[in-house]
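Under this note's numbering, the letters of the sequence shown match residues 152 to 355, in that order.
Built from N, CA and C at the ideal position, the CB exists for glycine as well.
Reading through the structure tokens given below for one structure.
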Amino acid sequence: MATPAPPPRSDRANDSAAGEMTYRYRPRMVGAEFSFHLEPDALVWELGRRKGRFSYRDIARLRLGFRPANLGGHRFIAEIWSREGAKLEIASISQRSLFDYQNLAAEYRAFVVELARRIATSGGACRCDAGFPPWRWWPAVLFGVATIGTTAYIAMHAVFSGQPLFIAMIAVLGAFFAWQIGSLLVRNRPRLCELRSIPAEVLP
């Protein structure tokens, strides 16, 4: 979960311009907590026994997206690449037990926006992407269209066969899937974005 920076600098934890900020989440029920810390000149990370730091100037790419989980609900993901090719991933939910996920939306949003701001002010050349890469988005569009089309065909077949209960079930399921798939595709439309102006669709 997200917490202020430890003392003696905790009095500056909320001063994003000069202070420091820490974000923590647990990616799996079993395993260590992942920790990310914004220092004045670098992103410091601790993934279990692995530790490291990325200078803001050495962050080459940032990708933000909406990746709903089966049980985690509205999950957002930030992917970060260094110029050496190392990759980090930050999620907006933390798994506490098999069926219990903690939503860290507010903390995640504040951390990611501040990270992007510091990368922008560092003077480095960082590419910022929103949504899926095109090679992943277009197949998802085709799958979504096929799924909705199949649901509509089944619904029409149920109408002609005179099964009102089945029609109602298909209508409810169809509306749910259309909303889920539509939200996923709209939010993850591939595009470049500015570090200081991240699209609302890829933030909680």
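CB contact flag (Ser248, Tyr207, <7 Å)
Translated into the one-based positions of the sequence shown, residue 248 becomes position 97. Translated into the one-based positions of the sequence shown, residue 207 becomes position 56. No, the pair does not count as a contact, with Cβ atoms beyond the cut-off.
Leaving out the 5 sequence neighbours to the left and right, which residues in its chain are closer than 6 Å to Arg177 when beta-carbon positions are compared?
In the sequence shown, the residue the question calls residue 177 occupies position 26. Excluding residues within five positions, the ones whose Cβ falls inside 6 Å are Glu184, Ser245, Gln246.
Does DSSP put Glu190 in a helix, in a strand, or in coil?
For the purposes of this step, residue 190 is taken as the residue at position 39 of the sequence shown. Coil at Glu190, not helix or strand.
Using a threshold of 7 Å, state whether the C-beta atoms of Ile228 and Arg218 are closer than that.
What you label residue 228 is simply residue 77 of the sequence shown in a count that begins at 1. What you label residue 218 is simply residue 67 of the sequence shown in a count that begins at 1. For Ile228 and Arg218, yes; Cβs fall inside 7 Å.
Got a sec, what are the start and stop residues for the beta strand (DSSP E) Ile270 sits in?
Taking the sequence shown and counting its residues from 1, the one referred to as residue 270 is at position 119. Careful: Ile270 lies outside any beta strand (DSSP E), inside the alpha helix (DSSP H) at 256–273.
In the DSSP output, what is Ile241 paired with across the bridge?
The residue given as residue 241 occupies position 90 in the sequence shown. Note: Ile241 sits in a beta bridge opposite Ala229.
What is the rounded straight-line gap between the Cα of Arg160 and the Cα of Leu335?
Translated into positions along the sequence shown, residue 160 becomes position 9. Translated into positions along the sequence shown, residue 335 becomes position 184. With a pLDDT of 38 at Arg160, under the threshold of 50, the modelled position of that residue is not reliable, and the figure given next carries that caveat. When rounded, the distance between both Cα atoms is 39 Å.
May I ask you to report which of helix, strand or coil DSSP gives Glu171?
If you number the sequence shown from 1, residue 171 lands on position 20. Looking at Glu171 - three-state DSSP - the assignment turns out to be coil, as it is neither helix nor strand.
Any chance the region 229–244 sits against the region 255–263, with 3 or more Cβ pairs inside 8 Å?
yes
First and last residue of the uninterrupted beta strand (DSSP E) at Gly216:
As a first step, residue 216 is located in the sequence shown; it is residue number 65 there, counting from the start. That run of the beta strand (DSSP E) goes 210–217.
Ignore the nearest five residues each way along the sequence and tell me which others in Pro284's own chain have a CB closer than 7 Å to its CB.
For the purposes of this step, residue 284 is identified with residue 133 of the sequence shown, where counting begins at 1. Excluding sequence neighbours, Pro284 sits near Pro341.
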